[in-house]
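Per the UniProt record's numbering, the sequence shown starts with residue 1, numbered consecutively. We treat Cβ as the ideally placed atom computed from N, Cα and C, and that holds for glycine. Single-structure report; data block below.
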Amino acid sequence: MTSVSPIHSAKTQFVEVEGRRLAYRKFGSGTPLVLCVRFRGTMDAWDPLFLDSLVEQGFEVTVFDYSGLGQSTGERTYHPVSLAKDAIDLITALQLGKVVIGGWSVGGMAAQIVLTQAPQLVSHAVLIATTPPGPLVKPGEQVFYTMAKRENDFEDFVTLFFEPASQASRAAAEQSARRLAERKDDLSPAVPVDWAAAQLGDGPKNPVFPVDAVLQTLKSTSIPVLHLGADHDIVFPVENWYALNGQLPTLHIVTLPRTGHGPHHEYPQAAARHIAAFVGLHAR
Numbered sequence: 001m002t003s004v005s006p007i008h009s010a011k012t013q014f015v016e017v018e019g020r021r022l023a024y025r026k027f028g029s030g031t032p033l034v035l036c037v038r039f040r041g042t043m044d045a046w047d048p049l050f051l052d053s054l055v056e057q058g059f060e061v062t063v064f065d066y067s068g069l070g071q072s073t074g075e076r077t078y079h080p081v082s083l084a085k086d087a088i089d090l091i092t093a094l095q096l097g098k099v100v101i102g103g104w105s106v107g108g109m110a111a112q113i114v115l116t117q118a119p120q121l122v123s124h125a126v127l128i129a130t131t132p133p134g135p136l137v138k139p140g141e142q143v144f145y146t147m148a149k150r151e152n153d154f155e156d157f158v159t160l161f162f163e164p165a166s167q168a169s170r171a172a173a174e175q176s177a178r179r180l181a182e183r184k185d186d187l188s189p190a191v192p193v194d195w196a197a198a199q200l201g202d203g204p205k206n207p208v209f210p211v212d213a214v215l216q217t218l219k220s221t222s223i224p225v226l227h228l229g230a231d232h233d234i235v236f237p238v239e240n241w242y243a244l245n246g247q248l249p250t251l252h253i254v255t256l257p258r259t260g261h262g263p264h265h266e267y268p269q270a271a272a273r274h275i276a277a278f279v280g281l282h283a284r
């Protein structure tokens, strides 16, 4: 991509909602797509090539910081219901109409709650490397809980979001890390590590996301749902989505090979194309 990428030039904007200020950036034009970010992530955690590729595929992309994190004000929490409220309030305040709601990791839980609580705002749901609600057939790995509670170096980045056993994946991690470092100005402050660690717990949980209403929604909704995952996700194994095959009537599952908890970082252009194809298949 060139240096005039809309991702790098997009300015942070703010909207006041219910006594807090939500920070967001919006770029591109076309189908509105709102993305809820991962644990310990801010607007700057999205790979710029993934976002640029979504714009090229005809999306108007909005990213934002959760309440009390990054550049947003308010009470900070990682409770998925509160994160979902941030997304719902932002969509409503910006008058985006029906959106494709997307979410990565804990943001994917928030996206599922948006689908459950405000289906009138959602045309499609795109879930990236996240967990379904309810009991799991395969829990996450302890290594994630170790790395998530400390400052992370490049080796942690590879282990978390890529496949350390693959040289091609490691090369993709180097490229993604360079892209993430390109934005120099108007950055969101990092999520405090100590605070985030205190929200996490000591090890894998089963279930991670015990919200029966969300599972029932996924079993009965007519809204198309895509899970875009990885073959070695140490946080939220994709096998848990395959275990629901046949129970969720609108679920599409795309699993990208030789990668970890950031499949859209290793395959940014392909991930955007998969999302565009999914939305195009179910134009509403």
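Thinking C-beta only, is residue j closer than 9 Å to residue i?
| i | j | result |
| --- | --- | --- |
| G134 | L228 | no |
| L127 | G103 | yes |
| residue 290 | T42 | In the structure displayed, the chain extends from 1 to 284; residue 290 sits before or after that span and is not available. |
| A23 | Q71 | yes |
| Y145 | V106 | no |
| T131 | P207 | yes |
| D86 | L180 | no |
If you draw a straight line from the alpha carbon of residue i to that of residue j, how long is it in whole angstroms?
| i | j | result |
| --- | --- | --- |
| H8 | Q247 | 41 Å |
| D233 | L115 | 24 Å |
| V225 | M147 | 30 Å |
| V137 | D153 | 31 Å |
| V15 | A93 | 7 Å |
| G140 | D212 | 20 Å |
| E75 | S176 | 31 Å |
| T73 | L160 | 28 Å |
| H264 | A271 | 5 Å |
| V32 | R25 | According to the sequence displayed, residue 32 carries Pro and not Val. Approximately 13 Å, taken between the alpha carbons. |
| M1 | F50 | Residue placement at M1 cannot be trusted, given a pLDDT of 42 that sits under 50; what the coordinates show is reported in the next sentence. So the alpha carbons of these two residues sit roughly 11 Å apart. |
| A165 | A171 | 11 Å |
| G19 | T250 | 37 Å |
| I91 | Q120 | 11 Å |
Quick one: is residue i buried, meaning 16 or more other Cβ sit within 10 Å of its Cβ, or exposed?
| i | result |
| --- | --- |
| E266 | buried |
| S123 | buried |
| R178 | exposed |
| K219 | exposed |
| V99 | buried |
Touch test, the stretch 42-57 against the stretch 263-277, Cβ-Cβ under 8 Å, three pairs minimum: yes
Enumerate, from N- to C-terminal direction, the unbroken beta strand (DSSP E) stretches of 3 or more residues contained entirely within the stretch 25-71. 31-36, 59-64
Any chance the stretch 33-42 sits against the stretch 62-70, with 3 or more Cβ pairs inside 8 Å? yes
At what residue ranges does the stretch 114-139 contain a whole run of the beta strand (DSSP E), taking only runs of 3 or more? 122-128
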